[in-house]
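Reviewing the structure listed below.
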Amino acid sequence: MINYDNFTYKPSDYLKKDIINTLISMGTIVNNNDTKGVLFNKLLEKYKTLDKYSNDTLSILKIQKIIKKKNNISSLKGIGYINKDKCNNTEDFFSFEEINEIDDRYFFSYEDKNKFIWFFDIRSFNKLIEMEQPNPYTRDPIPSNVVKRAKKLTEKLKLNNNDNQVDLQLIKQTKEQIVKQKTVDLFASIEQAGYECNIVWFLNLHRDLLKKLYRNLEDLWNYRLPLTQEMKSRIAPPTGNVFSMRVNDVFRISNKQDLQSIILNEVSKFQGAVQEGDKKLGYMYFLIGLGMVSEECYYAHQWLMLANG
47 MINYDNFTYK PSDYLKKDII NTLISMGTIV NNNDTKGVLF NKLLEKYKTL
97 DKYSNDTLSI LKIQKIIKKK NNISSLKGIG YINKDKCNNT EDFFSFEEIN
147 EIDDRYFFSY EDKNKFIWFF DIRSFNKLIE MEQPNPYTRD PIPSNVVKRA
197 KKLTEKLKLN NNDNQVDLQL IKQTKEQIVK QKTVDLFASI EQAGYECNIV
247 WFLNLHRDLL KKLYRNLEDL WNYRLPLTQE MKSRIAPPTG NVFSMRVNDV
297 FRISNKQDLQ SIILNEVSKF QGAVQEGDKK LGYMYFLIGL GMVSEECYYA
347 HQWLMLANG
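In terms of our numbering, the sequence shown opens at residue 47 and continues consecutively.
In structure tokens form, the structure reads like this:
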């Protein structure tokens with residue numbers, strides 16, 4: 047018998063009877079009258095087929111390994127990675143990068159006890175863990191199983207020191223600029239919808255008034271306004287899920303830019319309204335809430351006196 051693993055591909059290395067016995071063991075019909083050369087060529091074709099199958103098998107196994115690794119990493123990134131529309135926040139709390147701007151390599155998400163899904167840049171999330179801070183959006187402690195998953199993802203991604211560097215000073219310098227630009231963009235959209243709007247009405251609000259503004263907007267959207275779920279979904283598609291952060295959690299936030307960002311993110315959901323009329327309604331509700339904390343906004347719109355009367 048000829049050993050496949052030690053096959054030399056040289057006819058001179060093998061006896062005719064060994065070639066015949068090997069072919070028979072492989073289920074091949076053999077004519078003993080065939081020359082050694084003919085028999086060897088038959089064996090050679092058999093082994094070439096085995097070589098190809100072996101190579102294909104290795105390739106398949108390699109591909110399967112890659113897919114398995116990729117699927118494993120995807121699962122570590124959380125449910126928000128599979129469907130980013132399910133995430134409750136639209137930007138990373140630390141870098142202020144929008145959800146669609148963050149490199150998928152660094153995407154991380156988890157579902158909290160209230161079934162809300164929050165996403166983060168894994169590097170920002172690692173900084174959060176390092177500083178032993180709670181979820182910045184809800185102020186709830188981050189579950190230990192989520193922390194373990196984040197650490198496992200970090201290991202899988204093989205993040206190096208450069209990946210993990212987060213320039214705190216740069217973020218501190220640009221955070222206010224980002225908030226201002228987002229305010230400009232949102233208020234420009236509100237003006238295009240036909241409402242008078244000035245960014246200073248919002249930017250000049252101090253922390254307590256920002257908290258009060260969020261409370262007013264949450265109360266209007268969830269309780270005071272006669273909005274059906276269908277109407278909410280048209281104004282803020284696809285779910286109509288706006289101002290879902292608990293008021294008590296918002297009131298525990300001390301950073302002004304964080305408060306501004308939360309409000310801007312929620313109101314910006316109206317920009318994706320189904321129709322222009324739906325968008326105008328969303329903006330009108332925002333101005334009603336803003337008019338409750340900004341005298342300039344209140345007196346700039348006579349109809350607010352009736353709405354808040």
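Even for Gly, the Cβ is constructed at its ideal location relative to N, Cα and C.
With 16 other CB atoms within 10 Å as the buried threshold, where does residue 313 fall?
Counting from one through the sequence shown, the residue named residue 313 turns up at place 267. If you draw a 10 Å sphere on the C-beta of residue 313, you find 16 or more other C-beta atoms in it, and that means buried.
For residue 127, which of 163, 142 and 95 has the nearest alpha-carbon?
Residue numbering aside, residue 127 sits at position 81 when the sequence shown is read from its first letter. Closest by alpha carbon: 163.
Assuming residue 188 contacts residue 180 (C-beta within less than 8 Å), just tell me the rounded distance between them.
On the sequence shown, position 142 is the one that residue 188 refers to. On the sequence shown, position 134 is the one that residue 180 refers to. Taking 8 Å as the upper bound for CB-CB distance, residue 188 and residue 180 are in contact here, some 6 Å apart.
Straight-line CA distance for residue 339 to residue 299?
Within the sequence shown, residue 339 is the residue found at index 293, counting from 1. Within the sequence shown, residue 299 is the residue found at index 253, counting from 1. C-alpha separation (whole angstroms): 18 Å.
Answer yes or no: the CB of residue 203 versus the heavy atoms of the ligand FAD, is any distance below 7 Å?
As for the ligand FAD, it is missing from this structure, which has no ligand bound.
When the Cα of residue 321 is compared with those of 199, 280, 291 and 335, which residue comes out closest?
Numbered from its first residue, the sequence shown carries residue 321 at position 275. Closest by C-alpha distance to residue 321, out of 199, 280, 291 and 335, is 280.
Taking the C-alpha atoms as reference points, what is the distance between residue 253 and residue 118?
Translated into the one-based positions of the sequence shown, residue 253 becomes position 207. Translated into the one-based positions of the sequence shown, residue 118 becomes position 72. Distance between the alpha carbons of residue 253 and residue 118 is about 42 Å.
When 239, 297 and 78 are compared against residue 261, the one with the closest alpha-carbon
The residue labelled residue 261 in the question sits at position 215 within the sequence shown. Of the candidates 239, 297 and 78, 297 places its Cα closest to the Cα of residue 261.
For residue 258, collect the residues of the same chain with a Cβ closer than 6 Å to its Cβ; drop the 5 residues on either side in sequence, then sort them by chain order.
Here the question's residue 258 lines up with position 212 in the sequence shown. Within the same chain, residue 258 has close Cβ partners 339.
Is it right to say residue 306 is buried, meaning 16 or more other beta carbons lie within 10 angstroms of its own, or is it exposed?
Counted from its first residue, the sequence shown places residue 306 at position 260. That one is buried.
Taking the Cβ atom as the reference point for each residue, do residue 135 and residue 171 lie within a distance shorter than 8 Å?
Along the sequence shown, one-based indexing puts residue 135 at 89. Along the sequence shown, one-based indexing puts residue 171 at 125. Result no, Cβ atoms of residue 135 and residue 171 do not sit closer than 8 Å.
Is the separation between the beta-carbon of residue 199 and that of residue 122 shorter than 8 Å?
Here residue 199 refers to the residue found at position 153 of the sequence shown. Here residue 122 refers to the residue found at position 76 of the sequence shown. Yes; because the gap between Cβ atoms is below 8 Å, this pair is in contact.
Can you have a look at residue 324 and say buried or exposed, based on whether 16 or more other CB atoms are within 10 angstroms of its CB?
Numbered from its first residue, the sequence shown carries residue 324 at position 278. Per the 10 Å Cβ criterion, buried.
Pop quiz: residue 66 and residue 90 are said to be a contact at Cβ under 8 Å. What is the actual Cβ separation, rounded to whole angstroms?
Indexing the sequence shown from 1 puts residue 66 at position 20. Indexing the sequence shown from 1 puts residue 90 at position 44. Contact flag wrong, Cβ pair sits at about 14 Å.
Would you give the residue range spanned by the alpha helix (DSSP H) that residue 144 belongs to?
By one-based count along the sequence shown, residue 144 stands at place 98. That residue, residue 144, is in no alpha helix (DSSP H); it is neither H nor E in DSSP.
For residue 330 and residue 352, I'd like the C-alpha separation in whole angstroms.
Your numbering for residue 330 matches position 284 in the sequence shown. Your numbering for residue 352 matches position 306 in the sequence shown. The alpha-carbon atoms of residue 330 and residue 352 are separated by roughly 13 Å.
So for residue 345, helix, strand or coil by DSSP?
Along the sequence shown, one-based indexing puts residue 345 at 299. Of the three classes helix, strand and coil, the one that applies to residue 345 here is helix, per DSSP.
In the structure shown, what three-state DSSP assignment does residue 297 receive?
As a working mapping, residue 297 is identified with position 251 in the sequence shown. Of the three classes helix, strand and coil, the one that applies to residue 297 here is helix, per DSSP.
Cβ shell of residue 222 (< 8 Å), same chain only, five flanking positions each side left out
In the sequence shown, counting from the first residue as 1, residue 222 sits at position 176. Only 303 meet the Cβ criterion.
State buried or exposed for residue 182, treating a residue as buried only when at least 16 other CB atoms are found within 10 Å of its CB.
Reading the sequence shown from its first residue, position 136 is the one you call residue 182. In this structure residue 182 is buried. Its beta-carbon is surrounded by 16 or more other beta-carbon atoms within 10 angstroms.
Since residue 347 and residue 333 are thought to touch, with beta carbons under 8 Å apart, how far apart are those beta carbons, to the nearest angstrom?
In the sequence shown, the residue the question calls residue 347 occupies position 301. In the sequence shown, the residue the question calls residue 333 occupies position 287. Yes, they are in contact, since the Cβ atoms of residue 347 and residue 333 sit about 6 Å apart, within 8 Å.
Taking the alpha helix (DSSP H) that residue 247 belongs to, which residues open and close that run?
Translated into positions along the sequence shown, residue 247 becomes position 201. Going by DSSP, residue 247 is part of the alpha helix (DSSP H) stretching over 245–249.
May I ask you to list the residues that DSSP assigns as paired with residue 162?
To locate residue 162, count along the sequence shown from 1; it is residue 116. According to DSSP, which records beta bridges pairwise, residue 162 is partnered with nothing at all.
From residue 203 to residue 228, what does the alpha carbon distance come to, in whole angstroms?
For this step, residue 203 is matched to residue 157 along the sequence shown. For this step, residue 228 is matched to residue 182 along the sequence shown. C-alpha separation (whole angstroms): 32 Å.
Helix, strand or coil for residue 167? Go by DSSP, reduced to three states.
Stepping through the sequence shown from its first residue, residue 167 is reached at position 121. Strand.
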